[in-house]
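Numbering (this note's numbering), first residue to last: 16 to 114.
Below you can see the structure in the form of structure tokens.
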């Protein structure tokens, strides 16, 4: 088909957008759980609880990754020498002792 990589799926050719479909690409963006069966809202609630115990979060434990939780995450990450992304990511979960 017109050059580049394409893959066949359900009777249609899809462009692979510059990625070889037979290669492995690891996702290293934010994650919410090391256990894929765990509810993301429960993971956020656990993170909120851990941040609250360490004095970084003063809000309700509601499992919502809202502005107050993101600000607490960024403050915690900065205090721990992590990149202050405000996201629940692997380094943050490890530092909180949740992985």
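Every residue, glycine too, gets a C-beta built ideally from N, C-alpha and C.
For residue 82 and residue 92, which I take to be in contact (beta-carbon distance under 8 Å), what is that distance rounded to the nearest angstrom? Incorrect: roughly 15 Å between the Cβ atoms, too far for contact.
Buried or exposed for residue 114, please, with buried defined as at least 16 other CB atoms from any protein chain shown within 10 angstroms of its CB. exposed
Inspect the beta-carbon positions of residue 77 and residue 94 and report whether they are closer than 8 Å. no
Would you report the Cα separation of residue 112 and residue 104, rounded to the nearest angstrom? 12 Å
Taking its Cβ as the centre, do 16 or more other Cβ atoms sit within 10 Å of residue 22, making it buried, or is it exposed? For residue 22, the pLDDT reaches just 49, beneath the cut-off of 50, and the residue's location in the model is therefore unreliable, although a value from the coordinates is still provided. When all chains shown are included, residue 22 counts as exposed.
Here's a check: name, in chain order, each residue in its chain whose Cβ is nearer than 6 Å to the Cβ of residue 108, leaving out the five neighbours to either side. Cβ contact annotation for residue 108 (same chain, cutoff 6 Å, sequence separation greater than five): 114, in chain order.
When you compare only the Cα positions, how much space is there between residue 106 and residue 53? Each residue's alpha carbon lies about 18 Å from the other.
Could you tell me the alpha carbon to alpha carbon distance between residue 70 and residue 84, rounded to whole angstroms? 12 Å
Give me the Cβ distance between residue 88 and residue 74, rounded to the nearest whole Å; I'm assuming they're in contact under 8 Å. The pair is not a contact, with the Cβ atoms about 12 Å apart (cut-off 8 Å).
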